[in-house]
Amino acid sequence: MSSLFSSQIQAKIENLRAEINRHNELYYQNNAPEIADFEFDKLLERLKELEAANPELITPDSPTQRVGGRAEGFKPFTHLVPLMSLDNSYDIDELKAFDERCRKLADGRAFDYVAELKIDGLSLALHYENGFLIAGATRGDGATGDDVFSNVKMIRPIPLKLKNDFTGKLEVRGEAFLSRSQFQRINEELKEKEEKTFANPRNAASGTLRQLDSTVVRARRLDLFPYDVLSGASKMFATHWESFEFLEKAGFHVNPHRRLCANIEAVIEFCGAMQTMRDELDYDIDGVVVKINSTRLQEEFGATNKAPRWAIAYKYPALQATTRLNEINVQVGRTGALTPVAYLEPVLLAGTTVARASLHNEDEIKRLRIKIGDWVLIEKSGEIIPQILQIIESKRDGSERDYEFPRICPVCSITVVRPAGEAVTRCPNHDCPAKVKARILHFASRRSMDIEGLGDVLVEKLVDLNLIKDVADVYSLTLETVAGLERMAEKSATNLITQIAASKERALHRLIYGLDIRHVGERYAKILARHYRSIENLQKATVEELDAIHEIGLAVAESVFGWMNNPRNLDLIERLQVACVKMEIGGEAQGNANENFSGKIFVLTGKMENFTRDDAAKLIEERGGRVSSSVSKKTDYIVAGSDAGSKLAKAESLGVKVLSENEFKEMTS
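Residue numbers for the sequence shown follow my numbering, beginning at 93 and rising by one.
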């Protein structure tokens, strides 16, 4: 091939790529397509043909690299920096309270906010190296998500190569979503095929990203709005607003509805304006995200165990609708609580088809004076199941039927009990199949022992066939037993047994949380694991010792003590030990936390040479201490690095013990 002909082919390919990228930008970023989908597909097919004939000219950022295939499954992806959720505010007063907290943390320094739309989608982390997209993952539990790179490449608004010739590594975080128009198109196509439709755009987007066949992702046309960019564990710019400017220049579809706000009043005005035009958008939003603009202040403000202190989500008021109540069924949870659920005539509410609503308990049914067949007013707030606000008595026609709350468990037929002073009716049978199934599902959940594959259908089958009766029985399952179940492929059975074996090495706090001790959620499980270091030590703890631990309290202490001294539970622990489930932190149990840290409150200030602030906080928490963002009379220690500032002065005025970095290092060694 002559060099002239080769250069002509290369020029034709490059021009075709540029034209395809231009049409892509017109469609997603400008909402002004110039050609039909069929014509776009023809351009893409022509490019494929040219590249197939000249494979040496294929580049990683070519539009043809979005051609998908089938994956075997999704591997876990550990985030370098956790993708934390946000605290929510539901009214203006809560938004103002957030502003007051920020001003207190800023300690007199001026700052501004960035207000941006809260897209009703799902978070993705996109990783680039020298400008090229190299990885993509879902948020997952914040620390670990799923590697969905093959699907991420199918989302056309995500650049395969950044436009601004960036060198090095960076991470872009954004919200993937499905537009309302695309959602409608997909559901119409599914109806024509007589297949199950999606309830709402968010479910459709989530289900699409879980597809093993990435060609499905490409066909469904997901979109993405980026909201942050990181370089390693650090923010790239001095302000959050600059991040958006960088992302726009890099070629991302950045949401135009955002505002730099000088104060909280400007934020409130923006929230109101966006609420007014909410229904005009072609995508679902459920509020506004408000962030401190200064990334330096973001870093200084830090985060709680669950959410950053420098950001908050302002959620729009709940939406309401009327519909008919067709039936009430009672569900039994893992604590034995009987929860009545209203089954409704399906109605569209906030972009979601709603067919159920919570009735909470027997007293709520009596309060509402509800009957089967009543017309009811329902409300949806946030992500929770809709609530019934009231009946519409004027619509009664005499066909309605009274409802009698069950006096026996609908699952095991044992007489239910309602302790004096409690609103909840419970099944007292420890071996009630519904409770057994719920406890096993909790134990196997991602935040507990993370046994992938042990889901609702399989657990129900295993319990119904009497193959497992509690969580310890999970470790007695064999490949032959699981593979022998109806509709269970040998590969799936092998994967499950592998997952069960891997769960034996999970962290101690996961095991404590998975044991389903009443009142012990993830936070308390972590505190107990840090403090006692092993199940053996926790079993020896008295109520008084447990109650003395910061944040635990008497109710949790009594619950843990009671659980750990119940003969049935002692037997369960022993069987888990026999199954070689890890029950301690480190190679051996280490007793209680370091006495210099246990229950003590630390404040970190200034810049340290040998620790990042996160590293120092982790060392403190691992030893039983707690990190606070502000100095008070309750502060035990302040660790002062260089340029410590006002916090150090306040600590000295209050007589708080000041530690240098070297002294802190010596304490933790």
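The C-beta atom is built at its ideal place from N, Cα and C for all residues, glycine as well.
Start-to-end residues for the beta strand (DSSP E) that takes in residue i
i, result
"HIS219", "214 to 221"
"ILE384", "377 to 384"
"CYS353", "350 to 353"
"GLU263", "261 to 269"
"TYR729", "729 to 732"
"PRO168", "168 to 170"
"LYS210", "205 to 211"
"THR156", "Per DSSP, THR156 belongs to no beta strand (DSSP E) and is neither H nor E."
"GLY237", "236 to 238"
N- and C-terminal bounds of the alpha helix (DSSP H) containing residue i
i, result
"THR760", "753 to 760"
"ASN243", "241 to 244"
"GLN367", "356 to 368"
"CYS672", "CYS672 -> no alpha helix (DSSP H), and no H or E assigned at all."
"THR387", "387 to 393"
"LEU571", "571 to 575"
"VAL551", "548 to 556"
"LEU638", "635 to 639"
"SER738", "738 to 746"
"ARG615", "614 to 624"
"ALA342", "332 to 342"
"PRO293", "293 to 301"
"LEU225", "Here LEU225 belongs to no alpha helix (DSSP H); instead the beta strand (DSSP E) covers 224 to 230."
"GLY645", "645 to 656"
"THR586", "582 to 595"
"ASP185", "184 to 198"
"PRO306", "The amino acid occupying residue 306 in the given sequence is Ser; Pro does not appear at that position. Start and end: 306 to 312."
6 angstroms CB neighbourhood of residue i in its chain, flanking five on each side removed
i, result
"LYS527", "ARG426, GLY428"
"GLU582", "ALA575"
"ALA403", "LEU178, LYS383"
"VAL468", "LEU417, ILE480, ILE483"
"THR760", "LEU711"
Residue i, buried or exposed, once every other Cβ within 10 Å from all chains shown has been counted against 16
i, result
"GLN274", "buried"
"ASN754", "exposed"
"CYS524", "buried"
"MET369", "exposed"
"GLN303", "buried"
"GLY223", "buried"
"GLY747", "exposed"
"SER215", "buried"
"VAL648", "buried"
"ASN355", "exposed"
"HIS522", "exposed"
"SER752", "exposed"
"VAL509", "exposed"
"ILE560", "buried"
"LEU646", "exposed"
"GLY200", "exposed"
"LEU557", "exposed"
"VAL549", "exposed"
"GLY679", "Unreliable positioning characterises GLY679 in this predicted model, as indicated by a pLDDT of 42, which lies under 50. The coordinate reading is nonetheless provided below. GLY679 is exposed by the Cβ-count criterion."
"LYS458", "exposed"
Residues of its chain near residue i, where Cβ-Cβ distance is below 8 angstroms and the 5 sequence neighbours each way are ignored
i, result
"GLU492", "LYS463, ILE464, GLY465, ASP466"
"ALA671", "ALA564, TYR567, SER568, LYS596"
"LEU441", "LEU411, GLN412, ALA413, ILE470, LYS472, PRO478"
"TYR435", "LEU417, ASN418, GLU419, ILE420, ASN421, ALA447, ARG448"
"ILE506", "ILE500, CYS519, PRO520, ASN521, CYS524"
Neighbourhood of residue i by C-beta distance below 7 angstroms, restricted to the same chain and skipping five residues each side
i, result
"ASN90", "Residue 90 lies beyond the residue range present for the chain, which begins at 93 and ends at 761; the question has no answer from this structure."
"ARG622", "ALA685, GLU713, GLU714, GLY716"
"ALA530", "GLY425, ARG426"
"ARG109", "LEU139, SER154, PRO155"
"THR331", "ASN385, SER386, THR387"
"HIS534", "ARG426, SER540, GLY606, ASP608"
"MET656", "LEU630, GLN631"
Residue(s) in a DSSP beta bridge with residue i
i, result
"SER450", "VAL433, GLN479"
"TRP402", "In the DSSP output, where bridge partners are listed per residue, TRP402 has none listed."
"TRP467", "ARG416"
"ARG718", "ILE693"
"LEU318", "Contrary to the premise, residue 318 reads as Pro rather than Leu in this sequence. Beta-bridge pairing links PRO318 to GLY266."
"VAL509", "ARG518"
"ASN180", "ALA405"
Closer than 7 angstroms: residue i CB and nearest the ligand NAD heavy atom
i, result
"PHE535", "Within the structure as shown, the ligand NAD is missing, as the structure has no ligands at all."
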